[in-house]
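Scroll down for the structure; my scribbles are underneath it.
2 protein chains.
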Amino acid sequence: MAQSRRQFLQQVGITGGAGVMYSAMGALGLTGAAETPAYAAPTRIELNGRGRKHVVILGAGIAGLTSAYELRKAGYQVTLLEARKRPGGRNWTVRNGTVEKDLHGNTQTARFSSGQYMNAGPGRIPQHHVTLDYCRELGVAIEPFVNQNADAYLYREGATALSNKPIRHRTAKADVYGYVSELLAKATDQGALDAALTATDKDALISFLRSFGAIGAKADGFAYTGTDGRRGYVVEPGAGLEGGTTATPYGLSDVLASGVGNYFSFEFGWDQAMMMFQPVGGMDRIPYAFEQAIGRDKFVYGAKVLGLRNTSEGVTVVYSTGARPRELKADFAICALPPHIAATVPSNLPDNVLASLRYARPTNAGKIGIEYSRRWWEQDHRIYGGITNSNLDIVNTWYPSSGFHGDKGTVIGYYNTGANATAYGALSPAARLDRAVAQGTKIHGDVYGRDIKASFSVDWAGTEYSRGSWVGWPSQTDSTYAALLEATGNIYFAGDHLSHAIAWQHGAMVSARATVTALHTRVTSR
Amino acid sequence: MAQSRRQFLQQVGITGGAGVMYSAMGALGLTGAAETPAYAAPTRIELNGRGRKHVVILGAGIAGLTSAYELRKAGYQVTLLEARKRPGGRNWTVRNGTVEKDLHGNTQTARFSSGQYMNAGPGRIPQHHVTLDYCRELGVAIEPFVNQNADAYLYREGATALSNKPIRHRTAKADVYGYVSELLAKATDQGALDAALTATDKDALISFLRSFGAIGAKADGFAYTGTDGRRGYVVEPGAGLEGGTTATPYGLSDVLASGVGNYFSFEFGWDQAMMMFQPVGGMDRIPYAFEQAIGRDKFVYGAKVLGLRNTSEGVTVVYSTGARPRELKADFAICALPPHIAATVPSNLPDNVLASLRYARPTNAGKIGIEYSRRWWEQDHRIYGGITNSNLDIVNTWYPSSGFHGDKGTVIGYYNTGANATAYGALSPAARLDRAVAQGTKIHGDVYGRDIKASFSVDWAGTEYSRGSWVGWPSQTDSTYAALLEATGNIYFAGDHLSHAIAWQHGAMVSARATVTALHTRVTSR
Numbered sequence: 001m002a003q004s005r006r007q008f009l010q011q012v013g014i015t016g017g018a019g020v021m022y023s024a025m026g027a028l029g030l031t032g033a034a035e036t037p038a039y040a041a042p043t044r045i046e047l048n049g050r051g052r053k054h055v056v057i058l059g060a061g062i063a064g065l066t067s068a069y070e071l072r073k074a075g076y077q078v079t080l081l082e083a084r085k086r087p088g089g090r091n092w093t094v095r096n097g098t099v100e101k102d103l104h105g106n107t108q109t110a111r112f113s114s115g116q117y118m119n120a121g122p123g124r125i126p127q128h129h130v131t132l133d134y135c136r137e138l139g140v141a142i143e144p145f146v147n148q149n150a151d152a153y154l155y156r157e158g159a160t161a162l163s164n165k166p167i168r169h170r171t172a173k174a175d176v177y178g179y180v181s182e183l184l185a186k187a188t189d190q191g192a193l194d195a196a197l198t199a200t201d202k203d204a205l206i207s208f209l210r211s212f213g214a215i216g217a218k219a220d221g222f223a224y225t226g227t228d229g230r231r232g233y234v235v236e237p238g239a240g241l242e243g244g245t246t247a248t249p250y251g252l253s254d255v256l257a258s259g260v261g262n263y264f265s266f267e268f269g270w271d272q273a274m275m276m277f278q279p280v281g282g283m284d285r286i287p288y289a290f291e292q293a294i295g296r297d298k299f300v301y302g303a304k305v306l307g308l309r310n311t312s313e314g315v316t317v318v319y320s321t322g323a324r325p326r327e328l329k330a331d332f333a334i335c336a337l338p339p340h341i342a343a344t345v346p347s348n349l350p351d352n353v354l355a356s357l358r359y360a361r362p363t364n365a366g367k368i369g370i371e372y373s374r375r376w377w378e379q380d381h382r383i384y385g386g387i388t389n390s391n392l393d394i395v396n397t398w399y400p401s402s403g404f405h406g407d408k409g410t411v412i413g414y415y416n417t418g419a420n421a422t423a424y425g426a427l428s429p430a431a432r433l434d435r436a437v438a439q440g441t442k443i444h445g446d447v448y449g450r451d452i453k454a455s456f457s458v459d460w461a462g463t464e465y466s467r468g469s470w471v472g473w474p475s476q477t478d479s480t481y482a483a484l485l486e487a488t489g490n491i492y493f494a495g496d497h498l499s500h501a502i503a504w505q506h507g508a509m510v511s512a513r514a515t516v517t518a519l520h521t522r523v524t525s526r
Numbered sequence: 001m002a003q004s005r006r007q008f009l010q011q012v013g014i015t016g017g018a019g020v021m022y023s024a025m026g027a028l029g030l031t032g033a034a035e036t037p038a039y040a041a042p043t044r045i046e047l048n049g050r051g052r053k054h055v056v057i058l059g060a061g062i063a064g065l066t067s068a069y070e071l072r073k074a075g076y077q078v079t080l081l082e083a084r085k086r087p088g089g090r091n092w093t094v095r096n097g098t099v100e101k102d103l104h105g106n107t108q109t110a111r112f113s114s115g116q117y118m119n120a121g122p123g124r125i126p127q128h129h130v131t132l133d134y135c136r137e138l139g140v141a142i143e144p145f146v147n148q149n150a151d152a153y154l155y156r157e158g159a160t161a162l163s164n165k166p167i168r169h170r171t172a173k174a175d176v177y178g179y180v181s182e183l184l185a186k187a188t189d190q191g192a193l194d195a196a197l198t199a200t201d202k203d204a205l206i207s208f209l210r211s212f213g214a215i216g217a218k219a220d221g222f223a224y225t226g227t228d229g230r231r232g233y234v235v236e237p238g239a240g241l242e243g244g245t246t247a248t249p250y251g252l253s254d255v256l257a258s259g260v261g262n263y264f265s266f267e268f269g270w271d272q273a274m275m276m277f278q279p280v281g282g283m284d285r286i287p288y289a290f291e292q293a294i295g296r297d298k299f300v301y302g303a304k305v306l307g308l309r310n311t312s313e314g315v316t317v318v319y320s321t322g323a324r325p326r327e328l329k330a331d332f333a334i335c336a337l338p339p340h341i342a343a344t345v346p347s348n349l350p351d352n353v354l355a356s357l358r359y360a361r362p363t364n365a366g367k368i369g370i371e372y373s374r375r376w377w378e379q380d381h382r383i384y385g386g387i388t389n390s391n392l393d394i395v396n397t398w399y400p401s402s403g404f405h406g407d408k409g410t411v412i413g414y415y416n417t418g419a420n421a422t423a424y425g426a427l428s429p430a431a432r433l434d435r436a437v438a439q440g441t442k443i444h445g446d447v448y449g450r451d452i453k454a455s456f457s458v459d460w461a462g463t464e465y466s467r468g469s470w471v472g473w474p475s476q477t478d479s480t481y482a483a484l485l486e487a488t489g490n491i492y493f494a495g496d497h498l499s500h501a502i503a504w505q506h507g508a509m510v511s512a513r514a515t516v517t518a519l520h521t522r523v524t525s526r
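Protein sequence lines, in the order shown, are assigned to chains A and B.
Per full-length UniProt numbering, residue 1 is the first one in the first sequence, and the count goes up by one each step.
Per full-length UniProt numbering, residue 1 is the first one in the second sequence, and the count goes up by one each step.
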């Protein structure tokens, strides 16, 4: 068995690449968890004798780039039309000198220091996303992204005993887990769960709860006292006789009323659990690596698509990079524009397909990057990366995941969505900073407003060529959505919106792979 | 209030350094959690006019190095006597060419590739330890150490339904938290906890449990079904219509019987919760940075201490670097040797102090570093750093926290303590590797035994000049322990064993700071 299993794995390893290898291991129960989506990249050999097909790709975001990259590997001719002057779409890293005029009429020029940057779009990559496979394949160096930090804060404005002050994640977690354990141990011991638990179950559960909640023994009423140090200390354990001094935990009712525990599940999420990663130097290392691998000469930047038509021989795309519209004929098109923008392109797409494009519901997200000339979060607050979550309109504060102990650093002062994002977006960039600083000061103190070197903010709904952060669908199982998953004549679609990993680069990549596979299967079966 | 608080902080910031600043902020309730131990480094000015005192330091481990560094900053003359040919003591990074003969008679020469290394002693630094302050001060670059990874495994050999197969941390956590939430929600809803909870408490608790455990609503019996994806997928969410396929959770009794939940509290620990860090390039960057800051000429390597005497004028130390013993006279000595080794040095220390040194109880720990020429844990298992914990005698497997996506990497194949460490230590280095590979193969499959480039193992009880990994004390509050916290004549003691952070560099550092402070206070008050 071991021998034949190994042989099987060697075979799929040889023919299918690492993705299939991992998938096959998952199928055999070897890896103990989910499989990476199987993907067999088209190979040049399969195209032999069929002529070289030309595919025009609308949009050089991650879906367009992935499509072009995979098609190029198989020998297709590709042309990418991109309205922006750069690849990546929402994968956008703002550095010193970045200039952007938004749809509100604000023009910002970033004045960050050399080496400082802000990932305005995607900022983190879970370890199971194919995004990392492309980083590996393209030689994009990665480093950990700190998505969880026991010493970052939870902040809840309100009227509870825990409100209006920063609470360390570790403190909130210790108190919530402590009380939950105490309550469940008592209920279990008193027989309240005898219908659900055997005597053996009860012993095992109580044993777990004593460890999980750091609660006392039965003789102590399973009491949570917070004395084991995991919630933090008033005086840390130190030299000599200093064993550490703990504070009394917050009260049970106060902890429950505060709602601090409702953020914990974030870190258990399929897409959010650590470890997470980021490219060294900025997320846009990915699109620029794609651009280099595909070939700069395949890109037309500043190209606005004015028309898209299926023809009897292929497709015709009309675009403009300035004054005079140009016409481009190709065998196929892959439309990797946001669906709500694709819907506005003059075309001969049938009404049902246009209705499907309009079925997408754009939403909004906003971010501000604030560069400080002193890493006060490390020096004063002892926070090395991670996220402080609040119920303020800034919602999330991200401390930088690199440059530890440096003399400067760029904090994401807000990462918010929906109405919060739109409220900040309606402000001038200067007013966004002022508001973000006022809110951040509630959590971090006056230090939040000092030593600010530069800032830059993005409102995705107000950003040309995106007009939203990502989209949702009323349904992802019905025929309206599904109409975009197949070719309309010679026109294909791709994007994170056509996946179940919306708002992730992974979604754009697996969608592009599916589209490339469908296109290639059609070409090779002719 | 805000004004005067700021003024106060500025004052302590000016006079006390970052440690005191942070401490003061903690005292004011500004940081929301524990304070770093306050420490005011001795300054050169305070010594003015009192002459330049000479302190001989026995042992250039972290406590000796910190002592020498702080004393040098204040203008003291220091001499470090170190039996090894390198600084750091148990802070030891093994690289290509490292040669070590152990007390069992085994001589190992490390054959790691360039850039590959193994931290044989300390391997991780919590973000609140002063170790990071010294990294910052000494210019030692740091990077995240992955101490927690949802995709690493838990492995329990045994007879339960979850035994003998690797379980992802995320899967174990989802199932345990799911069932715990279901049970507590039911008990709460049925009134079992009405004596402890108000109606408001109950609503808040159930709201928390629904999020924390991803359980159903009351109408669904608060059932845990594992369908939200946090435990992982059989088929991941992907392109088009692929919404992901989850497996049925393990059964409640099986999950409880397996004991997988009993490891969770590790990651809540005061000293173990993420974020954690490591120096870039190896933990020994810290001792070498200390050596450079102190001055290489202050070190006598290969120096075995043969005698230690209090005299009427100071101290006399006899040591040998080879043939002829040498005598060194100084004003003070700081003995930063492991206590059980200090006890064997011929001296005129009084019996009660010798009894205190012998009061320490050395324990053991072992590690093996295995360099692989392929990062199979990333490519096949999709694990990017972190720890797999097992109940096998290897106990912990550490995947490397750096070099992601490289073509090689060094796994810590076992990090175990006590009897497990001693059992491996009794084997030859080759047999240790064989045994570690046999155990690791149970978890990871045959890949664990392939592509091995080199290995190196350490048994701390069998390592000369350490003879143990760290020590414990029968009591850290009694007079036997406390006798080592004060000077015996002109002889002081320092080490992690004289702290409440034993086995951490932090402990050695805060002990050294306390000792330097005591010595300096004595000198300046004469």
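Cβ coordinates follow ideal geometry from the N, Cα and C atoms, glycine included.
The structure presented is a predicted model; accordingly, all values stated were derived computationally and were not measured.
Query, Result
"Do we get a CB-CB distance below 8 Å when we pair A:F277 with the residues of chain B?", "yes"
"Between the Cα of B:T397 and the Cα atoms of B:G88, B:V146, B:E137 and B:Q108, which residue gives the shortest distance?", "B:V146"
"Output yes if chain B places a C-beta closer than 8 Å to the C-beta of A:N149; else output no.", "yes"
"May I ask which residues mark the beginning and end of the beta strand (DSSP E) holding B:P166?", "Where B:P166 is concerned, there is no enclosing beta strand (DSSP E), given that its DSSP letter is neither H nor E."
"Any beta carbon from chain A within less than 8 Å of B:R513's own beta carbon?", "yes"
"Which one of A:R111, A:I62 and A:S67 has the shortest CA to CA distance from A:G89?", "A:I62"
"Step through the CB atoms of chain A and report whether any lies within less than 8 Å of the CB of B:T477.", "yes"
"Alpha carbon to alpha carbon, what distance is there between A:N391 and B:V300?", "58 Å"
"Taking the alpha helix (DSSP H) that B:F299 falls in, what are its first and last residues?", "Counting along the chain, B:F299 falls outside any alpha helix (DSSP H), though it belongs to the beta strand (DSSP E) covering F299 to Y301."
"What did DSSP end up calling B:V510 once you bin it into helix, strand or coil?", "helix"
"Report the neighbours of A:K173 on chain B: residues whose CB is nearer than 7 Å to its CB, in chain order.", "F268"
"If contact means a Cβ-Cβ distance below 7 Å, which residues of the region 121-133 of chain B contact chain A?", "Q127 and H128"
"Is the beta carbon of B:V345 closer than 8 Å to that of B:L328?", "no"
"Which value, in whole angstroms, describes the spacing of the CA atoms of B:G158 and B:Y233?", "25 Å"
"Quick one: residues in its chain with C-beta nearer than 6 Å to the C-beta of residue 527 of chain B, no 5 flanking neighbours on either side, listed in chain order?", "Nothing about residue 527 of chain B can be read from this structure; chain B reaches only from 1 to 526."
"Please classify A:T397: does DSSP put it in a helix, a strand, or coil?", "strand"
"Please report the distance separating the alpha-carbon of B:T441 from that of B:Y448.", "5 Å"
"Buried or exposed, going by whether 16 or more other CB atoms sit within 10 Å of the CB of B:M25?", "Any reading at B:M25 needs caution, since the residue's pLDDT is 40, under 50, leaving its predicted position unreliable; the model's value is listed next. When all chains shown are included, B:M25 counts as buried."
"Exposed or buried, what is residue 612 of chain B when buried is set at 16 or more other beta-carbons lying within 10 Å of its beta-carbon?", "Past the boundaries of the shown model lies residue 612 of chain B; chain B is included only from 1 to 526, so the question cannot be answered."
"Would you decide whether A:Q278 is buried or exposed? Buried here means 16 or more other CB atoms lie within 10 Å of its CB.", "buried"
"If the cut-off is 7 Å on Cβ atoms, which residues from the region 379-390 of chain B count as contacting chain A, listed in chain order?", "Q379, D380, H381, R382, Y384, G385 and G386"
"Would you say B:F222 reaches chain A, if we count a Cβ-Cβ gap shorter than 8 Å as a contact?", "no"
"Please state if the CB of A:F456 and the CB of A:V94 are separated by a distance shorter than 8 Å.", "yes"
"Taking Cβ-Cβ distances shorter than 7 Å, what residues in chain A pair up with B:I142?", "F404 and H405"
"Classify A:V315 as buried or exposed, calling it buried when 16 or more other Cβ atoms lie within 10 Å of its own Cβ.", "buried"
"Give every residue of the same chain whose Cβ lies closer than 6 Å to the Cβ of B:G489, excluding the five residues on either side of it in the sequence, and list them in chain order.", "N310"
"Would you mind giving the Cβ-Cβ distance between A:S356 and A:T463, rounded to the nearest angstrom? I have them listed as a contact below 8 Å.", "Not quite, the Cβ-Cβ distance comes to about 24 Å (not below 8 Å), so this is no contact."
"Give the range of the alpha helix (DSSP H) segment to which B:D434 is assigned.", "P429 to H444"
"So who's on the other strand from A:E143, going by DSSP bridges?", "A:Q278"
"DSSP state of B:H54, grouped into three classes?", "strand"
"Cβ of B:T198 less than 8 Å from any chain A Cβ?", "yes"
"Could you pull out every residue in the same chain whose Cβ sits closer than 6 Å to the Cβ of A:A454, ignoring the five residues on either side in sequence?", "R111, F112 and E371"
"Which chain D residues are close to B:H500, counting only those with a beta carbon under 7 Å from its beta carbon?", "Of the chains in the structure shown, none is chain D; the protein chains are A and B."
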